[in-house]
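Quick notes on the structure that follows.
In the numbering used here, the protein residues as written are 11 to 116.
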């Protein structure tokens, strides 16, 4: 566990593949619905819905989401320059993951 309390995957083979944008977006959408919108239909959460301004994700929720992303996708969050806008929408979260995911060996 890092100083920020976020557990990170250190072996890229443990991280999920991020090559398919729709798979990453679907996984993040399902995670948000399960963790923050219990009982809602995941298809109702569009890629451009503002998760922060709408109150779906608050500051504690943001920490939980960052922890999930770090462990699921192997992102070294301590080494990534990010801000609230990177978690504002599903599209922004997917972009952050794809741009910073560790390269997998071919």
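Backbone N, C-alpha and C fix where the C-beta goes; we use that ideal spot for every residue, glycine too.
Collapsed DSSP secondary structure at residue i in the structure displayed
| i | result |
| --- | --- |
| residue 102 | helix |
| residue 107 | helix |
| residue 92 | coil |
| residue 53 | helix |
Span of the alpha helix (DSSP H) around residue i
| i | result |
| --- | --- |
| residue 76 | 69-83 |
| residue 34 | 31-46 |
Straight-line Cα distance separating residue j from residue i
| i | j | result |
| --- | --- | --- |
| residue 111 | residue 85 | 5 Å |
| residue 37 | residue 48 | 15 Å |
| residue 108 | residue 62 | 21 Å |
| residue 106 | residue 96 | 6 Å |
| residue 103 | residue 73 | 13 Å |
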